[in-house]
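In case it helps, this note's numbering puts the sequence shown at residues 1428 to 1672.
From the three backbone atoms N, C-alpha and C, an ideal C-beta is built for every residue, glycine too.
Structure, as structure tokens:
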Amino acid sequence: MKKRLEGKRALVTAAAQGIGEATARAFAEAGATVVATDINAEKLAELDSVPGITTQVLNVMDRAAIEAFFKDEAAFDILFNCAGTVHNGSILDCTDDDWDMAFNLNVKSMFHMSQAVLPGMIAAGTGSIINISSIAAHKGLPNRFAYGASKAAVLGLTKAIAADFVTNGIRCNSICPGTVQSPSLNDRIAAFEDPVAARKQFVARQPMGRLGSVDEIAAAAMYLASDDSVFTTGTQMNVDGGMSI
């Protein structure tokens, strides 16, 4: 039986760990030829032994590096934009550097990666771009000022790409996760004065009473990457344990 992504080429950013890694593995298992990228060369190399995955160190905030990468690559059917950062703090805590970092990594990297992948998709007459946003784009969360603003911008970017290329056979959608158990979350929790209490607070704000898993987000990405979603574009899929209810 044919696998869901058989014959497709997929590009995944932030693939060294967390949601990016889970999605790269899921895409490969579904039959895609996956190019997994990240700036963490050591962690990324752990994917080299996975059938269907090749790795490439890539800084998605470096436009010249992106352009050089695409010169040596064939066209992709799928782009999964996963690279991002979470700034903790309100507007009173946010510096210009914090704001710029949030928008450069969370939004501008998607702009440059999508811009680079689109010509190949247009030529092929097909493609799926999937952007990781956040439930913070829909709902104000305490101490997520720069993060929420940047993730809301991802929704606008997604809809704009979808509208411009809907007649070219290209779809662009976003996923808005709630709080997901990942190495990134572990690092943020560890930075609190009381990590145990902090973890309990993260869990408590999830109506389902638990954190999401990276595999649950990867499953949403699988749907949007596959031909099961050929009539779906410009949407945001909330995979948030009920936070948006």
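Test: residue i CB closer than 9 Å to a CB of chain C
| i | result |
| --- | --- |
| Val-1581 | The question asks about chain C, but that chain is absent: this structure has only one protein chain. |
Where residue i falls, given that 16 or more other Cβ within 10 Å makes a residue buried
| i | result |
| --- | --- |
| Ala-1443 | buried |
| Lys-1429 | exposed |
| Leu-1412 | In the structure as shown, the chain begins at 1428 and stops at 1672. Residue 1412 is therefore absent and cannot be evaluated. |
| Asp-1499 | exposed |
| Ala-1624 | exposed |
| Leu-1519 | exposed |
| Phe-1658 | exposed |
| Ser-1541 | buried |
| Arg-1694 | Within the shown structure, residues of the chain are numbered from 1428 to 1672, placing residue 1694 beyond reach of any answer. |
| Ala-1468 | exposed |
Contact check, residue i vs residue j, beta carbons under 9 Å
| i | j | result |
| --- | --- | --- |
| Asn-1570 | Asn-1508 | no |
| Thr-1662 | Asn-1600 | yes |
| Asn-1515 | Met-1548 | no |
| Gly-1434 | Ala-1441 | no |
| Pro-1610 | Ile-1562 | no |
| Val-1461 | Phe-1497 | no |
| Asn-1533 | Ser-1577 | yes |
| Ser-1455 | Ala-1645 | Correcting the residue identity first, residue 1455 is Ala in this sequence and not Ser. In this structure, Ala-1645 does not lie closer than 9 Å to Ala-1455 by Cβ. |
| Ala-1451 | Ala-1463 | yes |
| Gly-1445 | Val-1641 | yes |
Residue i beta carbon near the ligand ZN (any heavy atom closer than 8 Å)
| i | result |
| --- | --- |
| Ala-1502 | Of the ligands one can find in the structure shown there are none, so the ligand ZN has no counterpart to examine. |
Contact belief for residue i with residue j at Cβ below 8 Å, rounded distance in angstroms
| i | j | result |
| --- | --- | --- |
| Ser-1555 | Leu-1582 | Incorrect: roughly 17 Å between the Cβ atoms, too far for contact. |
| Ala-1492 | Asn-1486 | 5 Å |
| Ala-1529 | Ala-1573 | 4 Å |
| Glu-1482 | Ala-1589 | Sequence check: residue 1482 is Thr here, not Glu. Incorrect: roughly 29 Å between the Cβ atoms, too far for contact. |
Residues of its chain near residue i, where Cβ-Cβ distance is below 7 Å and the 5 sequence neighbours each way are ignored
| i | result |
| --- | --- |
| Lys-1566 | Met-1670 and Ser-1671 |
| Glu-1643 | Val-1666 |
| Phe-1538 | Leu-1584 |
| Asn-1531 | Met-1488 |
| Pro-1622 | Ile-1616 |
Same chain, Cβ closer than 6 Å to residue i, five either side skipped, listed in chain order
| i | result |
| --- | --- |
| Leu-1471 | Ala-1443, Asp-1465 and Thr-1482 |
Strand pairing of residue i, partner residues [DSSP]
| i | result |
| --- | --- |
| Leu-1402 | In the structure displayed, the chain extends from 1428 to 1672; residue 1402 sits before or after that span and is not available. |
| Gly-1639 | Val-1607 |
| Ser-1601 | Asn-1558 and Gln-1663 |
| Val-1461 | Ala-1437 and Ile-1480 |
| Arg-1571 | Gly-1516 |
Same chain only: Cβ atoms within 8 Å of residue i, ignoring 5 sequence neighbours per side
| i | result |
| --- | --- |
| Ala-1501 | Arg-1436 and Gly-1547 |
| Val-1513 | Arg-1571, Tyr-1574, Ser-1611 and Arg-1615 |
| Ala-1647 | Ile-1602, Met-1664 and Val-1666 |
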